[in-house]
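Here is the structure we will look at, set down as structure tokens.
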Amino acid sequence: MQKSSIHPFSATIMAWYTDHQRELPWRQTKDPYAIWLSEIILQQTRVAQGLPYYERLLTAFPTVRDLAEAPEASLLRLWQGLGYYSRARNLQKAAQLVMRDFNGSFPQTYDDIITLPGVGPYTAAAIASFAFDEAKAVVDGNVFRVLSRVFGVETDIASSAARGVFTELAQSLIPTEDPAGFNQAIMEFGALQCTPSPDCSICPLRISCAAFKEKRVNELPIKSKKTKVKEIEMNYLIIEQNGLLLVRERVGNSIWKGLWEFYLMEDQADWLPYSRKALKSPPVHLLSHRKIKCEAWHVQVPDNFALAIPEGYRWMSPSEFESKGKPVLLLNLITDNLDCPILQDISPTYL
Ligand code: SF4
């Protein structure tokens with residue numbers, strides 16, 4: 033195939049995109065920093081949820097230097113509610129690397145961009161094509177779905193071979209004249225038209241689509257492996273004494289590293305000599321490989337009781353705790369229990 037002659041598939045989805053694309057702020061810019069920020073936010077977040085975060089983060093840190101030099105705590109606080117906090121930490125690490133190794137100017141090629149922490153083949157291709165018009169095809173879940181259906185590709189998308197197979201196919205379809213337009217179009221087509229349960233009757237590709245012709249739309253893409261979800265129980269004690277709360281910052285390799293929480297217990301033995309009041313439990317919290325069931329109690333410790341402070345914990349005022357980044361699970365817990373006076377003072381700003 034001649035690269036300069038646009039494949040009918042590419043021409044069709046790009047024409048469709050012209051009529052159907054959503055107006056999104058990161059599509060109005062060629063600034064690689066802003067595009068990178070949007071791509072990292074959207075990695076595990078829906079557009080509607082990610083949009084205010086994108087705007088807030090770009091306002092707080094308008095340049096890669098601002099992000100590199102920001103205190104980690106303020107970044108995590110702004111990230112609060114988006115989840116997958118390693119994304120935020122990698123963003124900052126990458127910004128620092130751009131300052132150090134690229135003299136503060138964002139790398140301009142796929143090969144350089146992919147060296148940044150938190151940037152995989154998809155994100156590197158997105159930035160390289162959107163900001164610098166490099167002909168690198170993006171391959172994400174939407175692209176897997178569209179290509180497997182239109183071209184009848186039966187490669188298991190959970191297999192290790194899948195990325196290579198679909199990248200090669202997408203790469204053979206990307207027009208060098210407008211790689212950014214093609215990448216935007218195929219992802220938007222997967223997000224809005226060729227959805228998991230698509231309305232094929234209005235699809236401009238239905239004449240040529242292999243899955244539609246063979247009545248296999250619901251079978252493609254093929255995905256074999258099911259990720260095993262681990263169930264976890266978390267029991268929080270909201271321990272209050274003299275108007276202060278017993279809290280800690282999570283350390284180690286936890287997904288919530290750098291975020292703050294109440295006193296956490298793994299089990300519910302007869303752990304306390306004083307009274308406790310059960311709080312409303314937040315709904316089961318789902319992470320990619322974990323399902324968290326959480327229960328919580330409010331414990332009012334008498335002012336004169338000498339409580340041995342467990343390692344890693346400290347007393348903190350509600351207003352200071354309010355200013356710290358916290359996992360969504362905790363924000364939900366707080367919001368659901370605002371009849372508990374001390375929780376009113378740490379009511380979350382961002383949800
Ligand atoms: S015809 Fe249906 S399955 Fe095929 S590309 Fe269109 S929406 Fe997707």
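Counting from 33, one number per residue, gives the positions in the sequence shown under the numbering used here. Cβ coordinates follow ideal geometry from the N, Cα and C atoms, glycine included.
For residue 374, the enclosing alpha helix (DSSP H) covers residues 373 to 376. Residue 348 and residue 277 have their C-alpha atoms some 5 Å from each other.
Residue 96: member of the alpha helix (DSSP H) spanning 96 to 101, first to last residue. Counting only unbroken stretches of 4 or more residues, the alpha helix (DSSP H) elements lying wholly within the segment 132 to 172 are 142 to 145, 153 to 164, in sequence order.
Here DSSP, grouped into helix, strand and coil, assigns residue 326 to strand. Rounded to whole angstroms, residue 169 and residue 285 show a C-alpha spacing of 33 Å.
The straight-line gap separating the alpha-carbon atoms of residue 145 and residue 138 is approximately 8 Å. By the Cβ-count criterion, residue 338 is exposed, with fewer than 16 other Cβ atoms from all chains shown falling within 10 Å of its own Cβ. Runs of the alpha helix (DSSP H) spanning 4 or more residues and lying entirely within the segment 348 to 372 occur at 350 to 354, 360 to 368, in chain order. When 357, 370, 175 are compared, the shortest CA-CA separation from residue 103 is found for 357.
Residue 183 carries a coil assignment under DSSP once its states are collapsed to helix, strand and coil. Leaving aside the five residues that flank residue 292 on each side, the residues in its chain whose CB is nearer than 6 Å to its CB run, in chain order, 279, 281, 356, 358. By DSSP's assignment, residue 273 forms a beta bridge with 276. Between the ligand SF4 and the CB of residue 235, the shortest heavy atom gap is smaller than 7 Å. DSSP places residue 225 in the coil class of the three-state scheme, outside both helix and strand. DSSP places residue 87 inside the alpha helix (DSSP H), whose first and last residues are 79 to 92.
In the three-state reduction of the DSSP assignment, residue 318 falls in the strand class. Taken through DSSP and simplified to helix, strand or coil, residue 267 comes out as strand.
Secondary structure note for residue 337: it is in no beta strand (DSSP E), with a DSSP letter that is neither H nor E.
Sixteen is the threshold: since fewer than 16 other Cβ atoms of the shown chains lie within 10 Å of the Cβ of residue 373, the residue is exposed. A distance criterion of 7 Å places the beta-carbon of residue 244 in contact range of the ligand SF4, judged by its closest non-hydrogen atom. Three or more Cβ pairs drawn from the segment 172 to 179 and the segment 191 to 211 lie within less than 8 Å of each other, which places the two stretches in contact. Boundaries of the alpha helix (DSSP H) around residue 49: 40 to 52.
Residue 70 sits buried, since 16 or more C-beta atoms from the chains shown fall within 10 Å of its C-beta. The alpha-carbon separation between residue 222 and residue 334 amounts to approximately 58 Å.
Listed as beta-bridge partners of residue 346 by DSSP are 279. Judged by their CB atoms, residue 253 and residue 189 are nearer to each other than the 8 Å cut-off. According to the DSSP secondary-structure assignment, residue 333 is paired through a beta bridge with no residue. Short note on residue 178: C-beta closer than 7 Å to some heavy atom of the ligand SF4. For residue 75, same chain residues with a beta-carbon under 8 Å away, outside a window of 5 residues either side, are 116, 119, 155 in chain order. Across the structure, residue 214 and residue 241 are spaced so that their CA atoms are roughly 18 Å apart. Around the beta carbon of residue 234, a 10 Å sphere encloses fewer than 16 other beta carbons of the protein chains shown; the residue is thus reported as exposed. Here residue 106 has 92 as same chain residues with Cβ atoms under 8 Å from its own Cβ, once five neighbours each way along the sequence are excluded. Distance between residue 113 and residue 88, taken at the CA atoms: about 13 Å.
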